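Undergrad: This is the structure, below, for whatever I ask next.
Numbering (the numbering used here), first residue to last: 154 to 265.
Here it is, written out as structure tokens:
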């Protein structure tokens, strides 16, 4: 699996989380590190050039990724972290797909 191969640290974890969704857990990773890994995953999947003619915006399989983090001073429950990530994912899809979006409390997104 190309996603798992992108993860380089022993504690990083990837698993299917629904039909077409995956969750990637990156312990002790600040938001810029998480964004970097997400973009690296997205680019690695694009490089595979797997045809998917009904896919938008490209005729190949692409990824829309939502990223959210919880660091020591702002700990949140895993349920809230997943909700935040899901919100960022929907923003990525709404903004044209094949992109990474980061969730913040103010719903501002960081585009890579």
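C-beta atoms are modelled at their ideal positions from N, C-alpha and C, and glycine is treated no differently. As the structure is a computational prediction, the values presented were derived from the model and not from experiment.
Work out the CA separation of residue 155 and residue 246 for me, nearest whole Å.
TA: 21 Å
Undergrad: Can the beta-carbon of residue 192 be found less than 7 Å from the beta-carbon of residue 253?
TA: yes
Undergrad: My guess is that residue 209 and residue 169 are in contact by the Cβ rule of under 8 Å, so how many angstroms apart are they, rounded?
TA: Incorrect: roughly 22 Å between the Cβ atoms, too far for contact.
Undergrad: Taking the runs of the beta strand (DSSP E) that are 3 residues or longer, which of them lie wholly in the stretch 210-260?
TA: 218-220 and 253-255
Undergrad: Taking the alpha-carbon of residue 227 as reference, which of 202, 181, 213 and 217 has the nearest alpha-carbon?
TA: 181
Undergrad: Which whole-angstrom value is the C-beta distance of residue 214 and residue 224, which I expect to be below 8 Å?
TA: That pair is no contact at about 32 Å.
Undergrad: Looking only at C-alpha atoms, which of 234, 248 and 243 sits nearest to residue 184?
TA: 234
Undergrad: If we ignore side chains and look at the alpha-carbon of each, how far apart do residue 262 and residue 239 end up?
TA: Note that residue 262 has pLDDT 46, beneath the 50 cutoff, so the model's placement of it is unreliable and no number is given.
Undergrad: May I have the straight-line CA-CA distance separating residue 197 from residue 221, to the nearest angstrom?
TA: 20 Å
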